[in-house]
Amino acid sequence: MTPMDERRNIRYVIWALGIAVFLAIPHVVTDKFLMHLAILGMLYAIVASNWDLTLGYAGVFNFAHLAFFGIGAYTSGILAVKYGISPWLGIPAGGLTAALASILVSIPAIRLRGIYVALLTFACSQLVLLLLLSQPLITGGQQGLTGVPQLQIGDFLFRKSRFAHFYLVGFLLLCSTIFLRRLVTSDFGLSLIALRDFEEYAVARGIPLARQRLLAFLLSSIFPGLAGGVYAHFLIVASPDIFGFSLTTLLLSMVLVGGVATIYGPVLVGVVMTFVSELMATSAWMSDVFGISRGPVRFMFVAVLIVLTMRFFPEGVWGLIKRFSARARDAQGTATEEQSQIT
Amino acid sequence: MTLEAIVAIIAGGLVSGSLYALMASGLSLVWGTVRMFNFAHGALVMVGAYSAWYVSNRGGIAKALQPIGKSIVANGEEAGALGGLLLPLGEWILSIKGGFGLALGVPFAILCCGLVGYIMYVLLVKPFVGKPGADLVVIITTIAGASFMQNGVQVIFGPRYKQLDRILKGPPLQILETAIGLQEVLIIVLTPLTLFLLHLFLKHSKLGLAIRAVAQNDDFAHLVGINVSQIYPLTFVVSSILAGLCGVMLGGLFFILPTMGAQELLFAFVVVVFGGLGSLPGTIVGAYVIGFIRESSAYIIDLYWAPVVLFATLIIVLIFRPRGLMGGEDS
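Protein sequence lines correspond, in order, to chains B and Z.
Taking this note's numbering, the leading residue of the first sequence gets 1, the next gets one more, and so forth.
Taking this note's numbering, the leading residue of the second sequence gets 1001, the next gets one more, and so forth.
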């Protein structure tokens, strides 16, 4: 067996083990709150890992990403509340509107460079927020859209079961992660990296800059749109807080702490960070120290974490894991070499 | 369109234009000099409003000091000589129940914003200056900074609305049968004055000249003996003070809350992109143009659609002039 085959086999084993553990979790964990956090964490992991496609691989400073998530949530929510359309149609519709929005944002954005892209995309996401707030009869305004129906199949309510939401969101996360990993290792992904690292050369070699960037926006918006729809039905509310600085910072920290341009990093840290920040918001210790307003403190913590990561670990958690596994492999490699020399 | 409507649009355009000019000139100054974009600029507006409120309002520091004053007065009579000395202090504290007023509140806000701006530079910007991709990293760190400040203020002051006293009290001014509040008039008058002071500072003071030299070419500025590493934080402090002043003015018009400044930051973005990043005259002209577009579209079409009109303008400008109307060659 060549080392390449061996590594691939190890990867399959890791995937199989991961899926087995995932399937077992709802059987073992009975605490409702922890399950709630796990589902929320996986939804955020979807959003964060898709953000990694534009932010990490394409190197485009896309600050409209959470708007795609929010648009998905509001689309499915409004369709269900105002028009009585089934969530199972509303959620794909959310993916579709998010994709449309991503095209609209990227048309002016792909022409611009660096800082101007950041300004424009940020402005676009705030514009979506202003529009949502301006139509309180449809969107619920500042209070958010309440009364979004729960997910159900026939008479079976997803909320009644520990498994339903968890498996649904887990399946979505799995699809999204496989999709993203395939994408970034494909020719398309390589062309994005080429454009990011050496734009002039990549363009000179015939990579169409505008088309690839537009596709990056589009492909990164579909799963967040779907996740947004599920999010609205899971929390039975679509709130304008999605567009705020706090959630943006939280999701940004997942991408950065997880490791830019890795996909796996944001998925992993997305789940972990949700637990950390939500448990901080509810722990008794925090409430003792900071009085009643402990919710905001976790966002302060997240902000500090981001700055420290940018300062000291720009490669993120996944970068560290990779570095250590590479070192371990090297050590093993030299050991077998020595052995073969001896024999 | 009636005459009143025209006067109202002009007055409104001047007020929003002034507020945007104060904010956007700070953003533009920092971009021109440090080549960084400060996403926490809106949070600085909020810090300015809260610090002015804390000193000037009866609910702020004056309220926090009352128990101390009371205990000094209560214990003072028994404590002998020292108590006798402290007694006037205690009585003085009790006498300022209504707060210190804006005469102290505004200087305190300027001080606070300058300090916060300096700290922000040291923690969020300085470590990344000169590294590849620094401008984009700093966007992230300043967003984190904005979130930190917003949530920090919410922890300290709570989420309830506050309101700053108006600087001038009295009935609104009647211009051509249109009522314009005194606070609005004050903003319209004071902002050009502040911007003129900024102009004098940049054109004629040694530090201002140094800032402009660094903005033009930091290597050459270094060569002629300008300490570039001191000019960067100075620029941040100046820009933060401008944001703080904007906060004091906004605080007299609307309610103060931890998320204030975010919407103004958004419009300031539109302004700097419209006017061209790094060009101060372009920014100021852009601010008033955007102010008028916003007010007239709010009046003619609808208040809620005004942002849409603005963004459409912005996108059209960006498509035809990707560096803004007066933007020079910068990347």
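The beta-carbon is built from N, C-alpha and C at its ideal position, and this holds for glycine as well.
Since we're looking at a predicted model, the values are computed, not measured.
Mapping the DSSP letters down to three states, classify residue i as helix, strand or coil.
i, result
"Z:Val1129", "coil"
"B:Leu145", "strand"
"B:Ala238", "strand"
"B:Thr54", "helix"
"Z:Ile1156", "helix"
"B:Gln150", "coil"
"Z:Thr1313", "helix"
"Z:Gln1163", "coil"
"B:Ala261", "coil"
"B:Ile292", "Unreliable positioning characterises B:Ile292 in this predicted model, as indicated by a pLDDT of 49, which lies under 50. The coordinate reading is nonetheless provided below. Correct three-state label for B:Ile292: coil."
"B:Ala64", "coil"
"Z:Thr1178", "strand"
"Z:Ile1256", "strand"
"B:Leu157", "strand"
"Z:Leu1173", "strand"
"B:Asp31", "coil"
"Z:Met1036", "coil"
"B:Arg182", "helix"
"Z:Asp1330", "Note that Z:Asp1330 scores 44 on pLDDT, short of 50, meaning its location in the model is unreliable and no value can be drawn from it."
"B:Leu251", "helix"
"Z:Asn1151", "helix"
"B:Gly140", "coil"
Using beta carbons (cut-off 8 Å, strictly below), is residue i in contact with chain Z?
i, result
"B:Val307", "yes"
"B:Phe245", "yes"
"B:Val304", "yes"
"B:Leu256", "yes"
"B:Phe69", "no"
"B:Met273", "no"
"B:Pro240", "no"
"B:Met300", "yes"
"B:Ser176", "no"
"B:Ser362", "Any question about residue 362 of chain B goes unanswered here, given that chain B covers just 1 to 343."
"B:Val269", "no"
"B:Thr248", "yes"
"B:Pro3", "no"
"B:Leu127", "yes"
"B:Leu252", "yes"
Distance cutoff 8 Å, beta carbons only. Does residue i sit that close to anything in chain B?
i, result
"Z:Pro1192", "no"
"Z:Pro1233", "no"
"Z:Pro1088", "no"
"Z:Phe1236", "no"
"Z:Ile1293", "no"
"Z:Ile1315", "yes"
"Z:Pro1067", "no"
"Z:Leu1250", "no"
"Z:Ile1319", "yes"
"Z:Ser1297", "no"
"Z:Tyr1054", "no"
Contact check, residue i vs residue j under 8 Å by CB: the rounded distance?
i, j, result
"B:Val148", "B:Ala232", "5 Å"
"B:Gly77", "B:Leu226", "Their Cβ separation, rounded to whole angstroms, is 14 Å, which puts B:Gly77 and B:Leu226 out of contact at 8 Å."
"B:Leu37", "B:Phe275", "5 Å"
"Z:Gln1150", "Z:Met1249", "About 20 Å separates the two Cβ atoms, so there is no contact after all."
"Z:Ile1290", "Z:Val1271", "5 Å"
"Z:Val1125", "Z:Val1034", "7 Å"
"Z:Ala1024", "Z:Ala1268", "4 Å"
"Z:Thr1191", "Z:Leu1022", "6 Å"
Measure from the C-beta of residue i to each C-beta in chain D and report whether the shortest distance is under 8 Å.
i, result
"Z:Ile1119", "The structure shown contains no chain D; the protein chains it does contain are B and Z."
Residue i: beta carbon under 7 Å from a heavy atom of the ligand FAD?
i, result
"B:Ser86", "With respect to small molecules bound, the structure shown includes none, and the ligand FAD cannot be examined in it."
Within 8 Å, do at least three Cβ pairs link the stretch 1218 to 1225 of chain Z to the stretch 1177 to 1193 of chain Z? In short, these stretches do not touch, since the Cβ pair count stays below three.
### Task
May I ask you to list, following chain order, the residues of the stretch 307 to 325 of chain B that have a beta carbon less than 9 Å from some beta carbon of chain Z?
Identification of residues in the stretch 307 to 325 of chain B having a C-beta nearer than 9 Å to some C-beta of chain Z yields Val307, Met310, Arg311 and Pro314, given in sequence order.
_Members of the stretch 91 to 125 of chain B that neighbour chain Z once the beta carbon cut-off is set at 8 Å_ = Taking 8 Å as the Cβ-Cβ cut-off against chain Z, the residues of the stretch 91 to 125 of chain B that qualify are Pro108, Arg111, Leu112, Arg113, Gly114, Ile115, Tyr116, Ala118, Leu119, Leu120, Phe122, Ala123 and Cys124.
Quick check: the stretch 1110 to 1128 of chain Z against the stretch 1034 to 1044 of chain Z, are at least 3 beta-carbon pairs closer than 8 Å?
A contact exists between the stretch 1034 to 1044 of chain Z and the stretch 1110 to 1128 of chain Z.
- Query: How about the stretch 1134 to 1152 of chain Z and the stretch 245 to 254 of chain B: do they share at least three Cβ pairs that are nearer than 8 Å?
  - Reply: Yes, the stretch 1134 to 1152 of chain Z is in contact with the stretch 245 to 254 of chain B.
Residues in the stretch 1119 to 1146 of chain Z with C-beta within 8 Å of chain B's C-beta atoms, listed in sequence order?
Those residues of the stretch 1119 to 1146 of chain Z that come within reach of chain B (Cβ to Cβ, closer than 8 Å) are Leu1123, Leu1124, Pro1127, Phe1128, Asp1135, Leu1136, Val1137, Ile1139, Ile1140, Thr1141, Ile1143, Ala1144, Gly1145 and Ala1146.
query = Touch check for the stretch 238 to 249 of chain B and the stretch 151 to 171 of chain B: three-plus C-beta pairs under 8 Å?
reply = Verdict: no, contact absent.
Note to self: Three Cβ pairs or more, each shorter than 8 Å: is that satisfied between the stretch 107 to 114 of chain B and the stretch 132 to 139 of chain B?
What the structure shows: No, the stretch 107 to 114 of chain B does not touch the stretch 132 to 139 of chain B.
Counting only Cβ-Cβ distances shorter than 8 Å, please list the residues of the stretch 1261 to 1285 of chain Z near chain B, keeping chain order. In summary, the residues of the stretch 1261 to 1285 of chain Z whose CB is separated from some CB of chain B by less than 8 Å are Ala1262, Gln1263, Leu1266, Phe1269, Val1270, Val1272, Val1273 and Leu1277, in the order they occur in the chain.
Chain Z contacts made by the stretch 53 to 85 of chain B, where a contact means CB separation under 9 Å | The residues in question are Gly59, Phe61 and Phe63.
message: Could you check whether the stretch 1257 to 1276 of chain Z touches the stretch 1159 to 1167 of chain Z, counting it as contact only if at least three pairs of C-beta atoms, one from each stretch, sit closer than 8 Å?
response: Yes: the two stretches touch, three or more of their Cβ pairs being nearer than 8 Å.
Report task. Assess, as a yes-or-no matter, whether the stretch 1131 to 1141 of chain Z is touched by the stretch 1044 to 1060 of chain Z under the definition of 3 or more beta carbon pairs within less than 8 Å. Result -> Segment contact: the stretch 1044 to 1060 of chain Z against the stretch 1131 to 1141 of chain Z, fewer than three CB-CB distances shorter than 8 Å; contact not assigned.
Practice task
Would you list, in chain order, the members of the stretch 1147 to 1165 of chain Z that have their beta-carbon closer than 7 Å to a beta-carbon of chain B?
Solution key: Listed by position, the residues of the stretch 1147 to 1165 of chain Z near chain B (Cβ gap below 7 Å) are Ser1147, Phe1148, Gln1150, Asn1151, Gly1152, Gln1154, Val1155 and Gly1158.
- Task: Say whether the stretch 211 to 227 of chain B touches the stretch 54 to 70 of chain B, bearing in mind that this needs 3 or more beta-carbon pairs closer than 8 Å, one atom from each stretch.
- Result: Taking a contact to require three or more Cβ pairs closer than 8 Å, the stretch 211 to 227 of chain B and the stretch 54 to 70 of chain B qualify as touching.
Next on the checklist: For the stretch 185 to 203 of chain B against the stretch 74 to 90 of chain B, do three or more pairs of beta-carbon atoms, one drawn from each stretch, fall closer than 8 Å, so that the two count as touching?
Outcome noted: With the rule of 3 Cβ pairs closer than 8 Å, the stretch 185 to 203 of chain B does not count as touching the stretch 74 to 90 of chain B.
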